[in-house]
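Just so we're aligned, residue 10 is where the sequence shown starts under my numbering, counting upward by one.
The beta-carbon is built from N, C-alpha and C at its ideal position, and this holds for glycine as well.
Please read the structure below before turning to the comments.
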Amino acid sequence: MPRKPARAVAPWVRTRLRTAPGTALAYGLLVLVTAFLAAGLPRAVDAYETEGLWHAVDSAEPRRGALSLTTRVEAHLSPAAQAAQLTPERLRTTRDALLPLLPPPLRTDPAHSAYGVHTTKRIPGLDPWLPRPDGLPPELVLDAPSDLAAHSTLTAGRAPRAGAGGAMEAAVTTRTAKALQLKPGSVVHVPGKDGTPKPITVTGVVEPREVDNGYWAVDPLLHTPLFTAKGTDEIRWYWVASLLVAPESAPGMLTTLGEPEQYWRFAPTVGHLTAQDTDRLAAALDSADSGPGRVKLRKVLGDNGGFTTGLDDIVADYAGMRDAIAAVVAVAAFGIGAVAAVVIAMTGGLFTARRHAELALLRSRGASLTGIGGRLLGETAAIAVPAAVLGLLLAVPAVGTGGGARLWPACAAAAAVALLASVVLPLRAVFLHRRPQLHGGREDLVTARPSTRRTVAELTFLVLAIGAVTALRRRGTADSGDYLVSAAPVLVGLIAAFVLVRLYPLPLRWAARPARRLRGAVGHLSLARAGRSSSTGALPLLALLVALTTAAFGGSVLTGIAEARDRAALLATGADARVNQNLEMTPLPAGVAETVRRFPGVGEVSPVQIEYGLELPDHKGAVDNGMGAPLIGVEPASYARLAARTGFGPFPAALLRSTGTGGPAHTGDTDRVLPVIASPRVAERLGRAPIEITAAAGRFHVRVVAVRTATPALPDKDFLLVNGDDLTNRAPTALLVSERTPGSLDGPALRAAVTAKAGSLRVALKEEQRAGYVDSPMQTGAERIYLTALGAGAGYAVLALTLSLLQSAPERTTLLARLRTMGLTRRQARRLLGLEALPQAFLAAAGGALVGWVTILLLAPGVDLARLALGRAPDEAMALGAALRADAWSLGLPAAAVVLLAAGAALVQAWWASRRGSIRELRAGDAR
């Protein structure tokens, strides 16, 4: 049997990988890291958006999130038929019929849900022994909730049940019992429809369990009575409380004046939902409120059926925050994605340059482009595909494990990385060797005139960049689906790279001319080589510029977020800490100011006296309902320094110079004129002439000497600022505390010291207020993505610079070997390579910092970070906004690192080349 002929040619892929295992491993590592980042990004976004949805629903007040369905008995029914509709069995049957009708993806939590009967009108308690603070009887709400025993603990008496002859029995919570002086055996009478009082016997006292869950929290009156007031001219206080009637006694409510109503309150559960279910959830709520779902619900509830919920508003608020944050995150995603793509393309370019002679030889011997491209594709795919799969497998368990992270976007991202890494080398090789090339042809940048097609492409990108920046400045980042807007920083970096590549030779030519006249050839030679070096092409510059621009943009986002939170926290507290009574207008106890001043870490204390509701006269003499504004008495010196530090209405202390007419001794001097600083609306009302003011702090005339839009004591309100020493009745109501150095004040310890002085005092801390603005996983998730983008951008920038230097490393090594035969010393070799690398590095660093700064200036008007920075902060804090802020560290540090790394790499290469022999580089005819 004839033998099978042996293969004459070794397998291409295996041979190439065995020839350069280090190169293959490095390329695989690059693809693995890139695939990991690409696969992790969508999973991280899905995870924090899903957690944000859960947090939005779970952290909302149960009253807002509950799904409430109600109905009333029909009036035309007989009393027996009406009573039958209020029985526990009928209510339970209706609940079981309603649950399947809630449109998906709505689901409910039975443990926090309830159903029952309650009166819709408050009815007075007729018994004279009930508490009547101002002579008004307490008003009662009768409620018969289901499953009371499972949500409370009986502390006295017994559980209520159906009384004899239909009499009602009820339980009360411990707080209600204390407020209304009830105990087991108490009988409360309420008005009846027939004019006779209806008795309700209190049989037990219960202690609610988990009052924050939906069972109790939807109606807080169930567990805690309300002490409220009515009247305008004469305010009279009274109690409002609930009696927890036994469900079997619920039909007895029909005999009272309370107009009973059946209810079913379903607490929603969102653990099964993901961020992608938001639109379905909103559509389901709309359907239940006023769509087909409402029709199905009314078939069970009857014509009187109703459906109310605030869950739709919660979902809408969440969707608005998600879209606002997604638009900002998209900018970072585009930036880091572009940098990664360019670095992979540079790696392919490096491989192509290293194998230029090999591929040129193959083409000269008749190899087809298809054959070369196919073999190179198989070679790179053998590295890229396993590396991308491994990156995906590492990203799936590492990112998005909390739930809600989809798999297919991660797979698509990893596949895109594998595809790019596989085709970049064959495509570049096929393009460069589409025609056979002569050995040793020069590829200097100065002599390579840009083609018409390249010019057209650059102009196209310029138009796109202008359009993206214009759209972003006009529309902002509101449209998260507009990818052109999100790619604006990348396009700006791309245009800057094109411009720098075209302009780069000119300054080097100018610098090389005077260098000719210097002693020695090192300076002139380094500048001449820097201008001709192929490593100054568009790809390295593009990678560095986009990486530095992305880092600068990310740093500006983080800086803008930090400044917005600091500003909003100061808006709420006025200083690093604020001390006042629980009732703000109450004067501070004696000695509190000295206690705070002596506390470690306190730099300065500014006492202020705030009187709210001061009625301001109109300088025009108009008769109207009046305008109110707080009167703020301050110490001018310390308060002026505080205003300067916070930036809220700084002013010279001399504006509020004391007139020496303060204190009780000048009570009768109503003609004295005090200088005041006012907000714009107050200044407009008072005018410039002195006008009389009557306040609890005294009666005097004021003259507006300055106008400020804000002041630390009340940054978000109108105000009238006066020297406290000029007030007749001086009594500080708050202390504004500034720390000596950042971080020197121990806030909790200060609070403990102040409350030990007086239990009624309250201490508000700026740091605690600032931490409260980070209340959503979406905020922290987006910030983590930007931090990752900063780190990844810096890493890719370093890699891009390294690849740029490696591409020309063999040629520089050969040059040094040849120059050493001509007498070049080691010191001159280090100078030569250093001076050759510095112009390129300085160009990239200076260009990156400049482009990053310009990008921030261009995009700042269109990027609002308020939702990302402040979450669901009060409206006055949101009104401050949060804009991009150029950060010197994110602009200068990466740029300086680029220069230092380039210089260090050049020195290391010169040192390494000087230690090696030069025989290999000097062999005649060797192209390596």
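Among the options, the one whose alpha carbon lies nearest that of residue i
| i | options | result |
| --- | --- | --- |
| residue 335 | 612, 188, 51, 736 | 51 |
| residue 22 | 735, 391, 512, 855 | 391 |
| residue 293 | 439, 110, 467 | 110 |
| residue 237 | 246, 229, 230 | 246 |
| residue 176 | 257, 160, 413 | 257 |
| residue 271 | 345, 159, 154 | 154 |
| residue 434 | 729, 389, 137, 191 | 389 |
| residue 417 | 48, 828, 904 | 48 |
| residue 225 | 330, 673, 157 | 157 |
| residue 46 | 315, 741, 427 | 427 |
| residue 499 | 612, 387, 348, 384 | 348 |
Nearest-angstrom beta carbon gap, residue j and residue i [assumed within contact, 8 Å]
| i | j | result |
| --- | --- | --- |
| residue 252 | residue 209 | 6 Å |
| residue 42 | residue 400 | 7 Å |
| residue 276 | residue 118 | 4 Å |
| residue 431 | residue 404 | With 8 Å as the limit, residue 431 and residue 404 do not qualify as a contact, their Cβ atoms being about 19 Å apart. |
| residue 573 | residue 875 | 7 Å |
| residue 9 | residue 601 | The structure shown does not extend to residue 9, since the chain is modelled only from 10 to 937, so the question has no answer here. |
DSSP state of residue i mapped onto helix, strand, coil
| i | result |
| --- | --- |
| residue 281 | coil |
| residue 236 | strand |
| residue 32 | helix |
| residue 457 | For residue 457, the pLDDT reaches just 49, beneath the cut-off of 50, and the residue's location in the model is therefore unreliable, leaving the point undetermined. |
| residue 917 | helix |
| residue 901 | helix |
| residue 452 | Below a pLDDT of 50, predicted positions are generally treated as unreliable, and residue 452, at 47, falls in that range; the measurement from the model is reported next regardless. Coil. |
| residue 893 | coil |
| residue 176 | coil |
| residue 788 | helix |
| residue 612 | strand |
| residue 145 | coil |
| residue 58 | helix |
| residue 834 | coil |
| residue 98 | helix |
Any chain B beta carbon closer than 8 Å to residue i
| i | result |
| --- | --- |
| residue 827 | No chain B is part of this structure, which consists of one protein chain only. |
Segment limits, alpha helix (DSSP H) that includes residue i
| i | result |
| --- | --- |
| residue 660 | Where residue 660 is concerned, there is no enclosing alpha helix (DSSP H), given that its DSSP letter is neither H nor E. |
| residue 372 | 365 to 373 |
| residue 288 | 287 to 299 |
| residue 224 | 223 to 226 |
| residue 82 | Run containing residue 82: none; DSSP gives neither H nor E here. |
| residue 441 | 417 to 441 |
Host beta strand (DSSP E) of residue i (start-end)
| i | result |
| --- | --- |
| residue 166 | 161 to 166 |
| residue 247 | 245 to 254 |
| residue 382 | Counting along the chain, residue 382 falls outside any beta strand (DSSP E), though it belongs to the alpha helix (DSSP H) covering 378 to 407. |
| residue 207 | 207 to 217 |
| residue 94 | Careful: residue 94 lies outside any beta strand (DSSP E) and carries neither H nor E. |
| residue 501 | Per DSSP, residue 501 belongs to no beta strand (DSSP E); it is in the alpha helix (DSSP H), 497 to 512. |
| residue 685 | 682 to 687 |
| residue 151 | 148 to 154 |
| residue 712 | 707 to 716 |
| residue 119 | 117 to 128 |
| residue 773 | 770 to 774 |
| residue 704 | 700 to 704 |
Contact check, residue i vs residue j, beta carbons under 8 Å
| i | j | result |
| --- | --- | --- |
| residue 320 | residue 80 | no |
| residue 877 | residue 791 | yes |
| residue 868 | residue 900 | no |
| residue 766 | residue 639 | no |
| residue 563 | residue 854 | no |
| residue 943 | residue 647 | The requested residue 943 does not occur in the structure, where the chain is confined to residues 10 to 937. |
| residue 211 | residue 179 | yes |
| residue 555 | residue 304 | no |
| residue 206 | residue 215 | no |
| residue 58 | residue 284 | yes |
| residue 170 | residue 255 | yes |
| residue 746 | residue 586 | yes |
| residue 802 | residue 353 | no |
| residue 437 | residue 357 | yes |
| residue 691 | residue 728 | yes |
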